[in-house]
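For reference, the structure discussed in these notes is given below.
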Amino acid sequence: MQRTDYLNSLIPLPSSPRHHLGLPPPLVDHLSTVQRAVAPPRMPRPWVEYRLLAGLALSGWSLRFSLMSQEAEARNILPISGTLRRAAAYLTTSGLWQSATVRVAGSPTILVRLTDLGRSLLTEVGLEPVESEWERMERLHRGDTSTQLAHTAAVCTFAHHARTFGYDAQVCPDVDGPAEPDILLTKDEKTLFVEVQRRGGEPWRRMAKWHNLALLQGEVLLCAETPAQAHRFAKEARVHAGASQGRFTDLISLFNGTSSLFTHQWSSRYMEPEVIVGM
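First residue of the sequence shown: 2, per this note's numbering; consecutive thereafter.
As structure tokens, then:
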């Protein structure tokens with residue numbers, strides 16, 4: 002789902018004229034009781050909670066900041082506003098979604114997914130939740146460990162940045178062959194497969210990743226946590242895995258702001274990467 006599709010999916014959400022705020026009956030006893038309007042255009046906090054919960058259910062996006070930033074855009078407020086932070090926190094304490102905090106690129110990153118209660122209530126309302134990115138990564142990417150959770154957070158963070166550049170992003174895409182890319186990006190009917198690599202992992206496994214990714218699409222596309230890691234992994238792909246073409250980026254640079262999703266590229270295994278024009 003692209004960013005433009007996200008807000009459209011929330012118009013309109015199921016509601017009920019029997020409740021004074023219009024909330025669907027199954028959710029009334031589980032959302033907060035704050036009734037005053039808290040964000041322009043005026044919206045009671047239970048509705049903000051409802052929209053965040055529904056946004057997770059319909060998009061599957063597991064980076065909490067992604068959901069909050071989309072809602073902030075619709076409300077013309079900051080993603081870190083107290084309104085959204087309190088609404089998101091209440092969804093955790095009320096047991097409607099599960100959250101986990103890990104550090105990615107030196108910053109705390111919060112992942113969310115529906116609980117059984119949240120999923121059941123939304124289904125009763127008439128919304129059919131999709132599999133979240135967190136759940137898909139856990140199912141297809143070797144379990145729910147602390148290391149894997151940090152990797153999941155890094156993948157979801159990159160997916161968030163990719164969507165800000167107009168891409169649709171899917172984690173753990175199905176592909177033919179030995180490659181297991183972390184993300185499929187789609188834009189203007191073009192597809193890109195990307196590996197998100199943190200600092201861990203055995204070198205031989207990374208070599209296999211770069212080799213298989215080059216076989217899959219003719220180039221290596223990678224995202225690391227830091228600029229230094231990105232350059233190191235790109236050198237591995239060029240010199241040791243024999244990838245003659247590739248592009249790379251990193252989460253710190255994306256957080257600080259870049260003019261394109263990928264910051265550097267190479268077109269020969271014997272040449273150093275160049276900054277992508279426009280950077």
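Positions of the beta carbon are idealized from the N, C-alpha and C atoms, including for glycine. Computed from a predicted model, the values in this text were never measured in an experiment.
Given this structure, state the Cα-to-Cα distance separating residue i from residue j, to the nearest angstrom.
i, j, result
"PRO41", "MET138", "The predicted model places PRO41 with a pLDDT of 49, which falls under 50 and marks its position as unreliable, so this point remains unresolved."
"ARG4", "ARG164", "6 Å"
"ALA106", "ARG65", "16 Å"
"GLY119", "GLY258", "35 Å"
"LEU128", "ALA58", "8 Å"
"LEU185", "ARG104", "24 Å"
"THR250", "GLY167", "16 Å"
"LEU115", "GLY23", "22 Å"
"LEU53", "HIS232", "37 Å"
"VAL195", "GLY61", "19 Å"
"GLN71", "THR102", "20 Å"
"GLY178", "LEU217", "8 Å"
"TYR7", "ALA88", "19 Å"
"GLU50", "LEU92", "7 Å"
"SER147", "GLU273", "35 Å"
"MET69", "LEU262", "21 Å"
"PRO15", "THR187", "30 Å"
"SER90", "PRO27", "The question names Ser, yet the displayed sequence has Ala at residue 90. Their backbone Cα atoms lie some 20 Å apart in a straight line."
"SER67", "ILE78", "14 Å"
"LEU85", "GLU136", "23 Å"
Between which two residues does the beta strand (DSSP E) containing residue i stretch?
i, result
"SER108", "108-115"
"SER100", "98-105"
"GLU196", "191-198"
"GLY1", "The displayed coordinates of the chain run from 2 to 280. Any statement about residue 1 would go beyond what the structure contains."
"ALA289", "With the chain represented from 2 up to 280, any question about residue 289 goes unanswered, as that position is not in the structure."
"ALA225", "221-225"
"LEU32", "From DSSP, LEU32 is part of no beta strand (DSSP E); its letter is neither H nor E."
"LEU79", "No beta strand (DSSP E) contains LEU79, which DSSP labels as neither H nor E."
"LEU186", "184-188"
Which term fits residue i, buried or exposed, when burial requires 16 or more other beta carbons within 10 angstroms of its beta carbon?
i, result
"ILE12", "exposed"
"TRP98", "buried"
"HIS161", "buried"
"ALA229", "exposed"
"ILE81", "exposed"
"ARG76", "buried"
"VAL276", "exposed"
"PRO47", "buried"
"ARG248", "buried"
"ARG207", "buried"
"GLY56", "buried"
"THR94", "exposed"
"HIS20", "exposed"
"THR192", "exposed"
Identify the continuous alpha helix (DSSP H) that holds residue i and give its terminal residues.
i, result
"HIS152", "147-165"
"GLU273", "Unbroken run through GLU273: none, as it is neither H nor E."
"PHE263", "Note, PHE263: premise wrong, no alpha helix (DSSP H); not H, not E."
"ARG207", "204-218"
"ASP6", "4-10"
"VAL49", "46-60"
"GLY83", "83-94"
"LEU141", "134-141"
"ARG233", "228-236"
Cα-Cα, which of the options is closest to residue i?
i, options, result
"HIS142", "ASP177, CYS157, ASP183", "ASP183"
"LEU122", "ARG87, VAL49, GLU181, HIS31", "HIS31"
"TRP205", "GLU190, PHE234, GLN71", "PHE234"
"THR124", "PHE263, GLN266, TYR271, PRO25", "PRO25"
"ARG199", "GLN149, ARG19, GLY56, SER269", "GLN149"
Validate contact between the region 214-225 and the region 131-149 using beta carbons, cut 8 Å, 3 pairs: no
Report yes or no: do three or more beta-carbon pairs, one from the region 198-216 and one from the region 238-258, lie closer than 8 Å? yes
Decide if the region 166-184 is in contact with the region 150-157; the criterion is three or more beta carbon pairs, one per stretch, under 8 Å apart. Contact between the region 166-184 and the region 150-157 is present, because at least three Cβ pairs lie under 8 Å.
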